[in-house]
Ligand code: DAV
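Residue numbers (the working numbering): 1329 to 1716.
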């Protein structure tokens, strides 16, 4: 007689940004290329004072740049493994190759350093984002072997691929890049950026998970149709999708340098990008603390030359549990703040990864954390989410 087999493993389970971490994917800088100029992105070298900015490079990134980033990524892997966390890595992919689809062409692709932008775990479901930039259209391929594996081994895992947009010229507003600062200021409250509203577009990193409540930032990488798609997909499962806006951020892209939930009742916020007054109500009414991050150690002008993210990568931290956070090694003012809030602060150097698209939260994708779907905002019980 056959023995009754043990219950199948639960491999895919993550409901929020802070529950105890068990399994995670850490990105890689292997075969990365400089991001190309395209309608959804205009990379620029950071001009040093008194010097004109040279043109942004193209083609593969230099080997020593890649090696430095990989070294720091390995440091993160070692730290996570020393804490008993299972770490997986993406498959290699040659990013300097051009891409040609029926609706667009682009000279090269980017990298597999930031799985956070591409994939998100919501409970037992893995969602592959539509993506918003041409050079990142096929980035999911670096993670397909892993996703396929999770899906095969965990019979409860769900795997959803969001509809791929055309990324044709018509999907973008190229004039966005020519707007003057005063035009941007005027446009601040209309939340119109470089992608139009015609197709479903979102990057996974515009989403923050708080149990039943899912925040999605409207941005240069996520439009209103993208948020509607997520709401229609998730709300029948009992989740509440909240579009969120940070009116002072004129170039918003990805929520994790702006609004970073750390544990039930506490969010690390960006003092230069407050949450829209009305949207902050759910936090105030639920007695959540919104605590501003201190100024980052690096000024904008000291950030790495080819880094397209802001100095606020400083607050792009990774939670290992509601009491343990990993921060970039040099960000001492932030370490002190988190320490005073009762966290154990672990650190790794990570600045060499910045030009590959992000810091510790961006460069990871949590697949499994302990815990289930909690309602951290019970006062919203009668909330009707818009857009469904
Ligand atoms: O503030 O520049 C960067 C996010 C990178 N994935 C910022 C957001």
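Just so it is clear, CB atoms sit at the ideal spot from N, CA and C, and this is done for glycine as well.
Quick check on the DSSP output: the beta strand (DSSP E) that includes residue i runs from which residue to which?
i, result
"residue 1310", "Summary: the structure shown does not reach residue 1310, with the chain confined to residues 1329 through 1716, and so no result is reported for it."
"residue 1514", "That residue, residue 1514, is in no beta strand (DSSP E); its alpha helix (DSSP H) goes 1509-1515."
"residue 1416", "1414-1416"
"residue 1587", "1587-1591"
"residue 1694", "1692-1697"
"residue 1617", "1617-1620"
How about residue i: is its Cβ closer than 6 angstroms to a heavy atom in ligand 1?
i, result
"residue 1680", "no"
"residue 1658", "no"
"residue 1547", "no"
"residue 1582", "yes"
"residue 1638", "yes"
"residue 1470", "no"
"residue 1585", "yes"
"residue 1690", "yes"
Measuring alpha carbon to alpha carbon, tell me which residue in the options is nearest residue i.
i, options, result
"residue 1429", "1398, 1464 and 1407", "1464"
"residue 1365", "1614, 1505 and 1560", "1505"
"residue 1448", "1427, 1345, 1669 and 1516", "1345"
"residue 1381", "1485, 1660, 1387 and 1633", "1633"
"residue 1642", "1614, 1667, 1617 and 1596", "1596"
"residue 1675", "1654, 1694, 1667 and 1690", "1654"
"residue 1541", "1708, 1354 and 1580", "1708"
"residue 1521", "1510, 1361 and 1550", "1550"
"residue 1422", "1442, 1398, 1400 and 1387", "1387"
Report back the beta-carbon spacing between residue i and residue j to the nearest angstrom; my notes put them in contact at under 8 angstroms.
i, j, result
"residue 1591", "residue 1650", "4 angstroms"
"residue 1527", "residue 1494", "7 angstroms"
"residue 1500", "residue 1340", "Going by Cβ atoms, the distance from residue 1500 to residue 1340 rounds to 33 angstroms, so no, they are not a contact pair."
"residue 1444", "residue 1689", "6 angstroms"
Please report the distance separating the alpha-carbon of residue i from that of residue j.
i, j, result
"residue 1555", "residue 1546", "8 angstroms"
"residue 1394", "residue 1471", "19 angstroms"
"residue 1566", "residue 1507", "40 angstroms"
"residue 1716", "residue 1657", "Note that residue 1716 has pLDDT 40, beneath the 50 cutoff, so the model's placement of it is unreliable and the number below is only indicative. Cα to Cα, the separation comes out at about 42 angstroms."
"residue 1512", "residue 1410", "46 angstroms"
"residue 1562", "residue 1613", "24 angstroms"
"residue 1391", "residue 1558", "38 angstroms"
"residue 1502", "residue 1412", "47 angstroms"
"residue 1682", "residue 1588", "18 angstroms"
"residue 1714", "residue 1573", "Here residue 1714 scores only 49 on pLDDT, less than 50, and its place in the model is too uncertain to base an answer on."
Say the cut is 6 angstroms; is the CB of residue i nearer than that to a heavy atom of ligand 3?
i, result
"residue 1686", "Ligands in the displayed structure: ligand 1; ligand 3 is not one of them."
Where does the unbroken alpha helix (DSSP H) through residue i begin, and where does it stop?
i, result
"residue 1485", "Element bounds for residue 1485: n/a, residue is neither H nor E."
"residue 1388", "First-last for residue 1388: undefined, no H or E at that position."
"residue 1668", "1660-1668"
"residue 1561", "1552-1562"
"residue 1534", "Neither: residue 1534 is in no alpha helix (DSSP H) and is coded neither H nor E."
"residue 1464", "Premise fails: residue 1464 is in no alpha helix (DSSP H) and is neither H nor E."
"residue 1613", "1609-1613"
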